[in-house]
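What follows is one structure encoded as structure tokens, with my remarks underneath.
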Amino acid sequence: MSVFDLFRSRQPSAVSGPKSQGVCAALDVGSSKIACFIARTDQTIAGPRPRVIGVGHQSSRGVRAGAVVDMDAAAEAIRAAVEQAERMAGMAVNAVTVTLSAGQPASTRLAAEIDLPQREITEREPRRLLDGALAEFEMEDRVVLHAIPLSWSVDDHRGIKDPRGMFGKTLGVEVHVITAAIGPLRNLASCIERCHLDLKGVVATPYASGLSALADDEVKLGATLIDMGAGATTAAVFAEGALLHIDAVPVGGSHVTSDVARGLSTPLAAAERLKTLYGSALDSPEDDQQMIEVPSVSGETGAVYDSAPRSLLNSIIRPRLEETFELIRDRLDAAGVGKTSGRRLVLTGGGAQLPGAAELAARVFGKQVRIAGPCGVSGLGDAVSGPAFSAVAGVVRRETRGAAEAIAGPPRLSGLPTMRPRVRAEAGGGRAGSMWRWFAESF
Numbered sequence: 001m002s003v004f005d006l007f008r009s010r011q012p013s014a015v016s017g018p019k020s021q022g023v024c025a026a027l028d029v030g031s032s033k034i035a036c037f038i039a040r041t042d043q044t045i046a047g048p049r050p051r052v053i054g055v056g057h058q059s060s061r062g063v064r065a066g067a068v069v070d071m072d073a074a075a076e077a078i079r080a081a082v083e084q085a086e087r088m089a090g091m092a093v094n095a096v097t098v099t100l101s102a103g104q105p106a107s108t109r110l111a112a113e114i115d116l117p118q119r120e121i122t123e124r125e126p127r128r129l130l131d132g133a134l135a136e137f138e139m140e141d142r143v144v145l146h147a148i149p150l151s152w153s154v155d156d157h158r159g160i161k162d163p164r165g166m167f168g169k170t171l172g173v174e175v176h177v178i179t180a181a182i183g184p185l186r187n188l189a190s191c192i193e194r195c196h197l198d199l200k201g202v203v204a205t206p207y208a209s210g211l212s213a214l215a216d217d218e219v220k221l222g223a224t225l226i227d228m229g230a231g232a233t234t235a236a237v238f239a240e241g242a243l244l245h246i247d248a249v250p251v252g253g254s255h256v257t258s259d260v261a262r263g264l265s266t267p268l269a270a271a272e273r274l275k276t277l278y279g280s281a282l283d284s285p286e287d288d289q290q291m292i293e294v295p296s297v298s299g300e301t302g303a304v305y306d307s308a309p310r311s312l313l314n315s316i317i318r319p320r321l322e323e324t325f326e327l328i329r330d331r332l333d334a335a336g337v338g339k340t341s342g343r344r345l346v347l348t349g350g351g352a353q354l355p356g357a358a359e360l361a362a363r364v365f366g367k368q369v370r371i372a373g374p375c376g377v378s379g380l381g382d383a384v385s386g387p388a389f390s391a392v393a394g395v396v397r398r399e400t401r402g403a404a405e406a407i408a409g410p411p412r413l414s415g416l417p418t419m420r421p422r423v424r425a426e427a428g429g430g431r432a433g434s435m436w437r438w439f440a441e442s443f
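Structure (structure tokens):
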């Protein structure tokens, strides 16, 4: 089965068995860990709420910077994580929704407009406009992951949130399209297939993390989310209740570990342990006096230890983190969204747990910073409730929301006549014939 067949509009069930309704499976394939959540949707007074019933996570193998580099090793690690979650949940998974941070995810703005054949806007016209706009959009060797409508316009009136029921001559929409390179996605799909699983969908990692880690007020008033992964650091800008922009840099926690290993001449495993136990992104007056034992890299039999001041360790960690934050800041400023998100910055991901990361980010960005883990999902144990699991929990929240929309939302477009809207692309857009057509989604 080719990767094209995996992304057809079919909707496979998430799990097997007679009681699989309302159950979804989420998979986060990262550079340091592979995590799988199986969740059931509980109907509460406040609406559908996901509850995790199965958890599995393994050390990542065959993945670098979020991209698969060893198919066999990656497939084996994915299979182990999924099987662990299946045993805990007591049911078998046959389809998963995965996160994607590789493939240089990028944002493009589309503006599309059509003439209305009738004065009143029904549920059909917005969906037909979005589908027609995506059909006219193409970027070579890239695939559309998400198409998120930001605002609608009827005639000359802009900023409309829901045009249904309104009257006018023309209907327009501004769409945020998120794309990724097809190569890493094809490799990931192949690994999923080797595990005898269907690929139900793909969610950009910063988008998934934002669904989980951000409060509703932060999404409405504006906030920047930074997911500090092991192989890559991704960012997402939210404002007015929608995702406005995403970006990524191929620098993460594993690069900090490599710097420590080289700077202290110690094995990578020891460098990771030293970074976790003693590392900080801030200086302390006591760092020069506190000595730490550093395992030496040598071919001799038996452990050989050197000693180094803690200040040396922190002087290696701080420049790399500062460089990462500056890269993200400069890219967001270049995209024109640096000030759109207001004064809120939220850090998540495993790298956010390093002491001093929030304070350093506050200095670089000049914003109010907090560290956040997954929220809005029940059933998480202490071991999987930290910032490192925000992305996979965000996929669960998105799947729960999507299940509710599938019942109450507008009808699908099958059988409707094709429309050719007037489309304008910004920030690197294209035209004519997208590879896969995805229905638009909102936050």
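Just so you know, we're using the numbering used here here: the sequence shown kicks off at 1 and counts up by one.
Idealized CB from N, CA, C, for every residue including glycine.
query: So, using beta-carbon positions, are V395 and V260 closer together than 8 Å?
result: No; because the gap between Cβ atoms is not below 8 Å, this pair is not in contact.
field: DSSP-derived helix/strand/coil call for T400
entry: In the structure shown, T400 sits in a helix (DSSP, three-state: H, G or I).
query: Just the Cα atoms here: how many angstroms apart are K456 and E125?
result: Since the first and last residues shown for the chain are 1 and 443, residue 456 lies out of range.
field: Cβ contact check for the region 303-317 and the region 283-295: 3 or more pairs under 8 Å
entry: Judged by Cβ distances under 8 Å, the region 303-317 makes contact with the region 283-295, as three or more pairs qualify.
- prompt: What did DSSP end up calling A269 once you bin it into helix, strand or coil?
  reply: The three-state reading of DSSP puts A269 in helix, counting H, G and I together.
message: What does the alpha-carbon distance come out to for the pair D216 and I371?
response: C-alpha separation (whole angstroms): 16 Å.
query: Span of the alpha helix (DSSP H) holding A475?
result: Outside the shown range of the chain, which is 1 to 443, sits residue 475, and nothing can be said about it.
message: So for L116, helix, strand or coil by DSSP?
response: Three-state DSSP puts L116 in coil, outside helix and strand.
query: DSSP on I328, reduced to helix/strand/coil?
result: Three-state result, I328: helix.
message: Would the region 351-366 count as touching the region 33-40 if we require 3 or more Cβ pairs under 8 Å?
response: Result no; under three Cβ-Cβ pairs closer than 8 Å.
message: Just to confirm before moving on: does the CB-CB distance between L225 and A213 stay below 8 Å?
response: Against a cut-off of 8 Å, the Cβ pair of A213 and L225 comes out as a contact.
- prompt: Would you call the CB atoms of V143 and A106 closer than 8 Å?
  reply: In this structure, A106 does not lie closer than 8 Å to V143 by Cβ.
- prompt: Hey, F102 and A65 are a contact pair by Cβ (cut 8 Å); roughly how many whole angstroms apart?
  reply: As written in the sequence, residue 102 is Ala, which differs from the Phe given in the question. A102 to A65, Cβ: 6 Å. Contact.
- prompt: How many Å lie between W438 and L134 at the Cα?
  reply: For W438, the predicted model reports a pLDDT of 33, less than 50, meaning its position is unreliable; a value from the coordinates is still stated below. The straight-line gap from Cα to Cα measures roughly 8 Å.
- prompt: Can you give the Cα-Cα distance for R262 and V175, rounded to whole angstroms?
  reply: Straight-line Cα distance between these residues: approximately 45 Å.
task: Consult DSSP for T205 and reduce its assignment to one of helix, strand or coil.
output: It is helical.
task: Report buried or exposed for E286, applying the criterion of at least 16 other Cβ atoms within 10 angstroms of its Cβ.
output: It counts as exposed.
- request: Classify K339 as buried or exposed, calling it buried when 16 or more other Cβ atoms lie within 10 Å of its own Cβ.
  value: With fewer than 16 other Cβ atoms inside 10 Å of its own Cβ, K339 counts as exposed.
task: Decide yes or no for the touch test of the region 45-52 against the region 113-123: beta carbon pairs closer than 8 Å, at least 3 of them.
output: Touching, no.
Which residues DSSP lists as bridging F238, in chain order: DSSP lists A223 and L243 as partners of F238.
message: Helix, strand or coil for A133? Go by DSSP, reduced to three states.
response: A133 falls in the helix class under three-state DSSP.
message: Rounded to the nearest angstrom, what separates A393 and D42 at their Cα positions?
response: Near 15 Å, if we compare the C-alpha coordinates of D42 and A393.
task: Specify the secondary structure class of I121 as computed by DSSP and reduced to three states.
output: The DSSP-derived three-state label of I121 is coil.
- request: Kindly indicate which residue of P206, V256, G229 and A242 has the alpha-carbon position closest to the one of A236.
  value: If we check each option's Cα against that of A236, P206 comes out closest.
query: Is the beta carbon of V346 sitting closer than 8 Å to the one on E218?
result: Contact flag set, yes.
message: Report the start-end ranges of each beta strand (DSSP E) in the region 32-86 that is 3 residues or longer and not cut off at the edges.
response: Listed in chain order, the beta strand (DSSP E) runs fully inside the region 32-86 are 33-44 and 47-59, counting runs of at least 3 residues.
task: Mind reading off the beta-carbon distance from A80 to Q58? Whole number of angstroms is fine, and I expect it under 8 Å.
output: The Cβ separation is near 5 Å, so the contact holds.
query: Where does A357 sit, in a helix, a strand or coil, going by DSSP?
result: Here DSSP, grouped into helix, strand and coil, assigns A357 to helix.
field: Residue(s) in a DSSP beta bridge with C24
entry: In DSSP, C24 forms a bridge with A39.
query: Between the region 140-157 and the region 186-204, do three or more beta carbon pairs fall short of 8 Å?
result: Yes, the region 140-157 is in contact with the region 186-204.
- prompt: Which of helix, strand or coil does DSSP assign to H196?
  reply: Annotated three-state conformation of H196 is coil, per DSSP.
task: May I ask you to report which of helix, strand or coil DSSP gives D156?
output: Looking at D156 - three-state DSSP - the assignment turns out to be coil, as it is neither helix nor strand.
Close-in-space but distant-in-sequence residues of the same chain around D151 (CB under 6 Å, 5 per side omitted): This sequence places Ser at residue 151; Asp is not what is there. The residues are G159 and E174.
- request: Evaluate contact between the region 179-197 and the region 376-385, counting only Cβ atoms and requiring at least three cross-stretch pairs below 8 Å.
  value: These segments do not touch.
According to DSSP, residues forming a beta bridge with Y305: Secondary-structure assignment with DSSP links Y305 through a beta bridge to P295.
- request: Name, in chain order, the residues that DSSP records as bridge partners for L171.
  value: Per DSSP, I114 and V154.
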